[in-house]
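J.: Chains as they are written, first to last, in the working numbering: chain X, 37 to 283; chain P, 5 to 303; chain B, 16 to 536.
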């Protein structure tokens, strides 16, 4: 297995102290990793460092051996992020939002044209179907969707991007139990073999230890440091209690 | 082939340049007239067509009236040559002439050689008649207003006379005088007692008394200034060159010959409040120039 | 921490305190000597002159003014958007990863904004002679800079999360910017640019005095001889145009809102702008204004260093600057504080209706005229100048506030009313508190405008930079004009920096998301 993403000695300072401290982490192609930790443990920071939107104060972030900071903009398309706050563009409709994922390989003219009239509808529909949504929603405004639908549209946008690595920041947050299962299955299914036939890797932060049997590997964060990192079947209750215990 | 191309190019260039010259001649042949409307301003502005058509008939050149009501703008427009003939006030005329050496003073109204300002006062102010210029001292410490800042009769000469009497601008109440913006506004503000006294164009005062805008029960004249030369027609120095030799003279005569015989000419003269125009000369305005320099209105 | 932290709500109400000293001064000097003239003024409003000559002249002037406004509005909006993009931090940050060029361009653009249109007109006249372009450029230059500031402020206060998300996904800068910010900017821009047309109309009215003609000349000359009946004829025409414009714009906005697609709206707007520009040129031709008329280039009478030194030494700078700042602050206090105060004290439907008519009237009557009317009842003072200047801008601020409130949902008000609070407190907490951050943002822009407009009321007090500028222009003392212009620009820059920092300090960097409507009268 070859290393996709490597974090070496990464340290991030926040306004209220250190957010990430000396993180060493290697993510290999095809892995499905669960990221656990209490609120404020540094999960979102880790994901932001991993996708390049946050530059660490110290340490190295390598994507396929190249420094993330100097990575060509187009190469970033290989890293898809499902943000906790989704970051959909409220003013646009579903198809236009999904198309926003493809901007990395399109030019300005295409971007403008998409704003006037959604382009490449079939590709959008394919992504919608992949996340289990009806294609009838293709021209619905984002504002009219339910919480679960929005979550899936955001995922569809990530799929449209055709990334090799999906970073999902608490995608199960605020979903009801049936939706949790559905969204998790979607992510996992797309993580192994996507309908678009790309071999994918998944790093996902979450708060549901009971679901980690679905993953290959589990990482625990506490106060900005990795406290455990091993195959998911080796996780024990003591380690879990440690990361969720208040100081 | 090559010389032919050259010739074609030459011919094209020639045609174009002739066209350009023709165009620019066309543009130059319009006589642009402007005015600083000071008395009956709105009527003067609207009825300028009358004067334009009269001059057009006399001179046989197209006349175009350009409304420029801002004093500084009118002077600048004369400097840049955008206006050929302008009805200026005393001060603005001198400013324009100094910025455009060689400009010709053509004519003034029959009374412009001996123009007067009047100082008026609200009756409640208890300001009495002023016998001689030194009497202006009683205005010290009073609320006093001029008209427009570039007006000869509403600001420059009154300020000069005050200065001669030893009254400086910061001697008034509030350390500075007001500037009402126009002669009519000066009357209104003094009459309302917002200002105790003010100075303005005598002609405007007389017509305000006549049409009832000034109420003799509330406001009175306390002093009539010595005479000075005011409004005049000023023409660009190069009119003969542009419109043919002798044009400036013809223009001057056209103005001087306006009389009360024909109804349109009578209307024009009535608007200017004059019975006729008379010749004017540069030296009549040397005093204005001197005063202007003294008071910093001429650089 | 128990640090005093003023909320935007209270910050917007505080300026009304300026009214206390102003009213104090005005009331102690009040007299009723101007009653007759005021009666005449009001009476003339009901009986404007219908003399065919007057009406014809005003009608002709109206066409010139409207066509000029359309033409310069379209061009300044277009250029303003481009410059706005160039001076937005988010654009530079996204494209090159640095934001300082945006700050540099932004500060540089403060100069054209600091100079009043009238002064621009006079300066351009020195170079171009009497050309229709003088008035047009005198509108375009400052308005472009104004639009640019608003556009860049808008861009920089947008939520950037979606932008970062798209950027992270590997897209190029321009597609990211247009996709993430374009849809949000659309409605804001359309609404703002619509208001600019109204401002351009006022600007074109003012600038007709540079040989182009127009409604402004009729207004100015009738005012000069205090012929109120003839004054009201062009004033009512202007009011008619303004009113219909307002109706058309609000119809246009509500029509656009239903279409949902912001980019489509923008394209329709741009198409309309192009059509209007194309109409305005032949229209100007039809009223005898020839834009292709050759322009005579003239050398600008630059002052020498020695003249500048003399000018620097002769003018009483401290007194000029302090009285200008005083008038600006008092007028800004009145303009900013009174509309929310008035609406809070009288928040019923009738009350707000009455107030909006008053605001409309205050906007309609040009500042010099209201200054004269005030002066007729009070002795001249700084306070009168501030009141006259403040009154006009109060009309603009009131309208902005009302439109902002109309756009906002009234759920806050309803819930407060349901919990038993009074109308006035419910208005304050439920309605106004939602609008106050953006209202404060306008207030900062307005203060800029007021500083510039001190030129217009300078004559009332006979003091201040504005008055000195008029006087220096009338004396063709270009050295003084140059220095005064620099001082105006410096004051504008300082004011801008201060208001930016106050906003950041009190409201935080991202909390202000003004939906900009109007900046300039």
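Every residue, glycine too, gets a C-beta built ideally from N, C-alpha and C.
Please read all numbers here as calculations on a predicted model, not as lab measurements.
1) How many angstroms separate the CA atom of residue 27 of chain P from the CA atom of residue 81 of chain P?
2) Buried or exposed, going by whether 16 or more other CB atoms sit within 10 Å of the CB of residue 180 of chain X?
3) Put residue 302 of chain P into one of helix, strand or coil per three-state DSSP.
4) Identify, in the order they occur along the chain, each residue of the same chain with its Cβ nearer than 6 Å to the Cβ of residue 43 of chain X, setting aside the five sequence neighbours on each side.
5) Which of the three DSSP states is assigned to residue 386 of chain B in this structure?
6) May I ask you to list the residues that DSSP assigns as paired with residue 94 of chain X?
7) Counting only C-beta atoms, is residue 34 of chain P closer than 7 Å to chain B at any point?
8) Per DSSP, which residues does residue 267 of chain X bridge with? Please list them.
9) Note down the Cα distance separating residue 289 of chain P from residue 215 of chain P, rounded to an integer number of angstroms.
10) Using a Cβ-Cβ cut-off of 8 Å (strictly less than) and excluding sequence neighbours within five positions of residue 232 of chain B, which residues of its own chain qualify?
11) Starting from the Cα of residue 406 of chain B, find the closest Cα among B:386, B:416, B:415, B:422 and give me that residue.
12) Identify whether residue 216 of chain X lies in helix, strand or coil by the three-state DSSP scheme.
13) For residue 282 of chain P, which three-state DSSP category applies?
14) Express the C-alpha separation of residue 192 of chain B and residue 153 of chain X in angstroms, rounding to a whole number.
15) Mind pulling the chain X residues with CB within less than 9 Å of residue 105 of chain B?
16) Quick one: grab the DSSP three-state call for residue 452 of chain B.
17) Please check if any C-beta of chain P sits within less than 7 Å of the C-beta of residue 491 of chain B.
18) Which same chain residues end up closer than 6 Å to residue 36 of chain P when comparing Cβ atoms and leaving out the 5 residues on each side of it in sequence?
19) Output, in sequence order along the chain, the residues in the stretch 47-76 of chain P whose CB is closer than 7 Å to any CB in chain B.
20) Return the chain-ordered ranges of every alpha helix (DSSP H) run that is complete within the stretch 140-223 of chain X and spans a minimum of 4 residues.
21) Kindly indicate which three-state DSSP category residue 104 of chain P falls into: helix, strand or coil?
22) Between the stretch 482-507 of chain B and chain P, which residues of the former have a C-beta closer than 9 Å to a C-beta of the latter?
23) Please go through the stretch 300-357 of chain B and give each complete alpha helix (DSSP H) segment of 4 or more residues, from N-terminal end onward.
24) Look at the alpha carbon of residue 254 of chain X and the alpha carbon of residue 103 of chain X, and state the distance between them as a whole number of angstroms.
25) Report the neighbours of residue 46 of chain B on chain P: residues whose CB is nearer than 8 Å to its CB, in chain order.
26) Just to confirm before moving on: does the CB-CB distance between residue 292 of chain P and residue 98 of chain P stay below 7 Å?
27) Taking all protein chains shown into account, do 16 or more other C-beta atoms lie within 10 angstroms of the C-beta of residue 187 of chain P, making it buried, or fewer, making it exposed?
28) Give the straight-line distance between the Cα atoms of residue 164 of chain X and residue 89 of chain B, rounded to the nearest whole angstrom.
29) Between residue 165 of chain B and residue 508 of chain B, what straight-line distance do the alpha-carbon atoms span, to the nearest angstrom?
30) Find the residues of chain X that neighbour residue 208 of chain B, judging by a C-beta separation of less than 8 Å, and give them in chain order.
31) Just checking: is the beta-carbon of residue 50 of chain X within a distance shorter than 7 Å of some beta-carbon in chain B?
32) For residue 200 of chain P, name the three-state secondary structure that DSSP assigns.
33) Would you please state the rounded distance, in angstroms, between the beta carbons of residue 161 of chain X and residue 174 of chain X? I believe it to be under 8 Å.
34) Exposed or buried, which one is residue 276 of chain P when buried takes at least 16 other CB atoms within 10 Å?
35) Quick check on residue 181 of chain B - is its C-beta less than 7 Å from some C-beta in chain X?
36) Apart from the five residues on each side of it in sequence, which residues of its chain come closer than 7 Å, Cβ to Cβ, to residue 199 of chain P?
T.: Put simply:
1) Indexing the second chain from 1 puts residue 27 of chain P at position 23. Indexing the second chain from 1 puts residue 81 of chain P at position 77. Bear in mind that the predicted position of residue 27 of chain P carries a pLDDT of just 43, short of 50, making it too unreliable to give a figure here.
2) Here residue 180 of chain X refers to the residue found at position 144 when the first chain is read from its first residue. It is exposed - the Cβ of residue 180 of chain X has fewer than 16 other Cβ atoms within 10 Å.
3) For the purposes of this step, residue 302 of chain P is taken as the residue at position 298 of the second chain. Residue 302 of chain P: coil per DSSP, three-state reduction.
4) Working through the first chain from its first residue, we reach residue 43 of chain X at position 7. Answer for residue 43 of chain X: 59, 61, 97, listed in chain order.
5) Here residue 386 of chain B corresponds to residue number 371 of the third chain, with the count starting at 1. Of the three classes helix, strand and coil, the one that applies to residue 386 of chain B here is helix, per DSSP.
6) Locating residue 94 of chain X in the first chain gives position 58, where the first residue counts as 1. Residue 94 of chain X pairs with X:47.
7) In the second chain, counting from the first residue as 1, residue 34 of chain P sits at position 30. So no, residue 34 of chain P is outside the interface.
8) Position 231 of the first chain, counted from the start, is the residue given in the question as residue 267 of chain X. According to the DSSP secondary-structure assignment, residue 267 of chain X is paired through a beta bridge with X:253.
9) The count along the second chain starts at 1 and reaches residue 289 of chain P at position 285. The count along the second chain starts at 1 and reaches residue 215 of chain P at position 211. Rounded to whole angstroms, residue 289 of chain P and residue 215 of chain P show a C-alpha spacing of 32 Å.
10) As a position in the third chain, residue 232 of chain B is number 217, starting the count at 1. Counting only Cβ-Cβ distances below 8 Å, and skipping sequence neighbours, we find 76, 223, 224.
11) In the third chain, counting from the first residue as 1, residue 406 of chain B sits at position 391. Taking only the C-alpha atoms, the option nearest residue 406 of chain B is B:386.
12) Counting from 1 along the first chain, the entry for residue 216 of chain X is found at position 180. Note: residue 216 of chain X maps to helix in three-state DSSP.
13) Position 278 of the second chain holds residue 282 of chain P. Secondary structure of residue 282 of chain P (DSSP, three-state): strand.
14) Looking up residue 153 of chain X in the first chain gives position 117. Looking up residue 192 of chain B in the third chain gives position 177. Linking residue 153 of chain X to residue 192 of chain B through their CA atoms gives a straight-line distance of about 17 Å.
15) Position 90 of the third chain holds residue 105 of chain B. Neighbours of residue 105 of chain B on chain X: none; closest Cβ ~15 Å, over 9 Å.
16) The residue labelled residue 452 of chain B in the question sits at position 437 within the third chain. DSSP places residue 452 of chain B within a helical segment (H, G or I) once states are collapsed to three.
17) Position 476 of the third chain, counted from the first residue, corresponds to residue 491 of chain B. The beta-carbon of residue 491 of chain B is placed less than 7 Å from the nearest beta-carbon of chain P.
18) Translated into the one-based positions of the second chain, residue 36 of chain P becomes position 32. Here residue 36 of chain P has 68, 70, 87, 88 as same chain residues with Cβ atoms under 6 Å from its own Cβ, once five neighbours each way along the sequence are excluded.
19) Result list: 49, 50, 70, 71, 72, 73, 74, 75, 76.
20) Whole alpha helix (DSSP H) segments, 4+ residues: 144-152, 157-166, 183-196.
21) To locate residue 104 of chain P, count along the second chain from 1; it is residue 100. Three-state result, residue 104 of chain P: coil.
22) Correct list: 482, 485, 486, 488, 489, 490, 491, 492, 493, 494.
23) Taking 4 residues as the minimum length, the alpha helix (DSSP H) runs contained wholly in the stretch 300-357 of chain B are 320-329, in order along the chain.
24) For the purposes of this step, residue 254 of chain X is identified with residue 218 of the first chain, where counting begins at 1. For the purposes of this step, residue 103 of chain X is identified with residue 67 of the first chain, where counting begins at 1. Looking at the two C-alpha atoms, the distance is approximately 25 Å.
25) In the third chain, residue 46 of chain B corresponds to position 31, counting from 1. Using a Cβ-Cβ cut-off of 8 Å, residue 46 of chain B is close to 196, 197, 198 of chain P, given in chain order.
26) To locate residue 292 of chain P, count along the second chain from 1; it is residue 288. To locate residue 98 of chain P, count along the second chain from 1; it is residue 94. Contact: yes.
27) Here residue 187 of chain P refers to the residue found at position 183 when the second chain is read from its first residue. Here residue 187 of chain P is buried. Its C-beta has 16 or more other C-beta atoms within 10 Å.
28) For the purposes of this step, residue 164 of chain X is taken as residue 128 along the first chain, with counting starting at 1. For the purposes of this step, residue 89 of chain B is taken as residue 74 along the third chain, with counting starting at 1. Looking at the backbone, the Cα of residue 164 of chain X and that of residue 89 of chain B are separated by about 42 Å.
29) Indexing the third chain from 1 puts residue 165 of chain B at position 150. Indexing the third chain from 1 puts residue 508 of chain B at position 493. About 15 Å.
30) Translated into the one-based positions of the third chain, residue 208 of chain B becomes position 193. Ordered by position in chain X, no residue passes the 8 Å Cβ test against residue 208 of chain B, which lies about 18 Å from the chain.
31) The residue labelled residue 50 of chain X in the question sits at position 14 within the first chain. With 7 Å as the cut-off, residue 50 of chain X does not count as an interface residue toward chain B.
32) Here residue 200 of chain P corresponds to residue number 196 of the second chain, with the count starting at 1. Coil, per DSSP.
33) As a first step, residue 161 of chain X is located in the first chain; it is residue number 125 there, counting from the start. As a first step, residue 174 of chain X is located in the first chain; it is residue number 138 there, counting from the start. 6 Å between Cβ atoms; contact.
34) Residue numbering aside, residue 276 of chain P sits at position 272 when the second chain is read from its first letter. Buried, since its Cβ has 16 or more Cβ neighbours within 10 Å.
35) Position 166 of the third chain, counted from the first residue, corresponds to residue 181 of chain B. For residue 181 of chain B, a Cβ of chain X is located within less than 7 Å of the residue's own Cβ.
36) Along the second chain, read from residue 1 onward, the residue named residue 199 of chain P stands at position 195. Same-chain partners within the cutoff: 147, 148, 149, 182, 193.
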